[in-house]
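There are 2 protein chains.
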Amino acid sequence: MRTDQRITTAMTELLRRQGYAATGIQQLAEASGAPVGSIYHHFKGGKRAVAHRALEESGAAYLELLVLLLGRYDDPVAGIEGVFADAAETIESTGWANLCPVGTVLGEVADVEPELRAAGDRVIASWIEAGTEHYERCGLSGPDARSFVYALVAGLEGAFILARAQRSREPLLAAGRVLAGSLAALLATARPG
Amino acid sequence: MRTDQRITTAMTELLRRQGYAATGIQQLAEASGAPVGSIYHHFKGGKRAVAHRALEESGAAYLELLVLLLGRYDDPVAGIEGVFADAAETIESTGWANLCPVGTVLGEVADVEPELRAAGDRVIASWIEAGTEHYERCGLSGPDARSFVYALVAGLEGAFILARAQRSREPLLAAGRVLAGSLAALLATARPG
DNA sequence: ATCCCTCTAGAAGGAACGTTCTATCATGGC
DNA sequence: GCCATGATAGAACGTTCCTTCTAGAGGGAT
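Taken in sequence, the protein lines are chains A and B. Heads up: the first sequence begins at 1 in the numbering used here, then just goes up one per residue. Heads up: the second sequence begins at 1001 in the numbering used here, then just goes up one per residue.
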C-alpha cells in the first residue's frame, strides 16, 4: 500500500476513536508506521491536511457503502431496518468504536477549523444528494425524499453517539424502527393503493 | 455567582464550541475569570472533573428544557416540529454554535475517557426515561414511546451536527418534519379514530 | 560514476499542555 | 489581636504538542 494511503487510513481510525484535537502527529506516525518527516513530506498542510483527506476518503467510502446496503433489499422499508441492524451489529462487535469519523470530527471542530468544516459539508451534501435520488426512484416526491434523507443521516449519526455512550444496540435499533415506519407512511401516501 | 458555577458554565460553553481535548485549563481560566489554582481548588480531579460536572449540569438543564418545550403545545405532533424549529432558529442566531455539549463530547471521548462516557450515559438515560413517560401519557405504548424517544434524541443530536456542518437550518427542519410525521402515524395506530 | 530527485528518518525548536506547588488574601471564631 | 480556614493567584515543572530542519538512503537517467 502506498505510504500516503497508510497515513490516511491510520488517521481515519484515530479520528473515529478520539477525534481531531486529541490525535497527535507522533501518534499518527506510530499508528501508520511512517515517520513524522514522511507525513509532512506527503501532506504539506500537516495534521489538518491529513484529516482533510481522511474525511474526504471516508465520506466517499460511506457513500458507496450506504448505496450498496440500501440497494441490497427490494423493499426500501426493509432496507432501512437492515442498515440500522447491520450498524448495530458492527458497532457492538468492534467494541463500540465509532463507525463514522465525519460526524465525530464535525461535532468537534466545526467552529474552530473552517477548512475541515467545509470538507465535511461537501461530504454530507454528497450523501444527501445521492440519498435523495435513491428515494425519488423509490417513489417519493423530491421534497419528501430530501427531508427523509436528512432525517435518516441525522438519525444514523445521532444513534451512533447514543449507542457508543450507552454501549447498547438499542438506540440504533429503535431509530431504525421509527425511520422505517416513517418511510412506510411516506410511501403509502405517495403511491396509494 | 459562585466561582465553581462560573467555571462550570465557562467549561460548558467551551465544550460546545471545541470539545474536550481542544479545551485547555489555561483557556478555561481566562474564560471563567478564575485563575488556574482556583480551578484545581474547586475541582480536585482537574480538567476531567470540570467536564464531568459540566455534562451533568447541562444534561439536567436540557431535560427541563425539553419537557418544557414539548409541553408547550397541546398537540404532541406540533410539539415536535416546534422543538426542531426553535432549535433551528437558535442555532442560526448563535452563529451555528453547537447547542448540546453532551453529544459533542460523547462523540469525541467515548473510547478514551471512561468516566466521561459513563456520565454521558447517565444523562442520556435520564432523557430517554423522561421522554418515554411523556409519550406514554400521550397515548403511545411503552415500547413505541421508548423507540420514538430514542429516534427523537438521535435525530436531534445528528441534526445539530449536520446543521452546524452545513450552516443551514434545513437538516433540523427536515428531521423535525419527518419525526413529527412519524409520531402522528404512531398516535393514529395507538388510538384509532 | 555522478547527478538528481523522491522519500525516509528522527532530532531540534519553541509553544502550549495539565498539574502541582508555594505564597498571599479574606474572613469568621475565639 | 490572633489563628484557622477556604479561596485566590500565578510561577514552575515536566511532558507533549505541531512543525521545521538536516542528513542520508534508494533508484533512474545521463
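Backbone N, C-alpha and C fix where the C-beta goes; we use that ideal spot for every residue, glycine too.
Which same chain residues end up closer than 7 Å to residue i when comparing Cβ atoms and leaving out the 5 residues on each side of it in sequence?
i: residue 1070(B); result: 1079, 1083 and 1134
i: residue 1104(B); result: 1015, 1016, 1019 and 1098
i: residue 186(A); result: 140, 144 and 148
i: residue 175(A); result: 84, 155 and 159
i: residue 195(A); result: Coverage of chain A is limited to positions 1 through 193, which leaves residue 195(A) absent and any answer about it impossible.
i: residue 1179(B); result: 1080, 1151, 1152 and 1155
i: residue 40(A); result: 46
Excluding the 5 residues preceding and the 5 following residue i in the sequence, name in chain order all residues of the same chain whose CB lies nearer than 8 Å to its CB.
i: residue 90(A); result: 99
i: residue 1036(B); result: 1025, 1026 and 1029
i: residue 72(A); result: 79 and 82
i: residue 21(A); result: 108 and 109
i: residue 1050(B); result: 1007, 1008, 1011, 1028, 1039 and 1043
Three-state secondary structure (DSSP) at residue i?
i: residue 1017(B); result: helix
i: residue 1022(B); result: coil
i: residue 147(A); result: helix
i: residue 1011(B); result: helix
i: residue 1176(B); result: helix
i: residue 1139(B); result: coil
i: residue 1182(B); result: helix
i: residue 1113(B); result: coil
i: residue 168(A); result: coil
i: residue 2(A); result: coil
i: residue 1191(B); result: coil
Enumerate in chain order the residues of its own chain whose CB-to-CB distance from residue i is below 6 Å, with the five nearest sequence positions on each side excluded.
i: residue 101(A); result: 12, 15, 16 and 58
i: residue 1161(B); result: none
i: residue 1060(B); result: none
i: residue 132(A); result: 145, 146 and 149
i: residue 117(A); result: 110
i: residue 88(A); result: 169, 172 and 173
i: residue 1106(B); result: 1120
For the stretch 149 to 161 of chain A, which residues have a beta carbon sitting closer than 9 Å to at least one beta carbon of chain B? 149, 150, 151, 152, 153, 154, 155, 156, 157, 158, 159, 160 and 161
Hey, is the stretch 1112 to 1124 of chain B in contact with the stretch 121 to 140 of chain A, meaning 3+ C-beta pairs nearer than 8 Å? no
Report the start-end ranges of each alpha helix (DSSP H) in the stretch 33 to 111 of chain A that is 4 residues or longer and not cut off at the edges. The stretch 33 to 111 of chain A contains these whole alpha helix (DSSP H) runs: 36 to 42, 46 to 71, 76 to 93 and 101 to 109.
Three Cβ pairs or more, each shorter than 8 Å: is that satisfied between the stretch 153 to 163 of chain A and the stretch 1149 to 1166 of chain B? yes
Are there three or more Cβ pairs, one per stretch, closer than 8 Å when the stretch 1164 to 1172 of chain B is compared with the stretch 104 to 119 of chain A? yes
Residues, ordered as in the chain, of the stretch 1101 to 1128 of chain B that lie near chain A by beta-carbon distance below 8 Å: 1103, 1104, 1106, 1107, 1108, 1109, 1110, 1111, 1112, 1117, 1120, 1121, 1124 and 1125
Listed from N- to C-terminal order along the chain, which residues in the stretch 37 to 58 of chain A have their beta-carbon within a distance smaller than 9 Å of any beta-carbon of chain B? Cβ contacts with chain B: none found.
Beta carbons nearer than 9 Å to chain A: which residues of the stretch 1169 to 1181 of chain B have them? Correct list: 1170, 1171, 1172, 1173, 1174, 1175, 1176, 1177, 1178, 1179 and 1181.
Anything in the stretch 8 to 26 of chain A with a Cβ closer than 9 Å to a Cβ of chain B? List those residues in chain order, please. Under the 9 Å Cβ criterion, the stretch 8 to 26 of chain A contributes 16, 17, 18, 19, 20, 21, 22 and 23.
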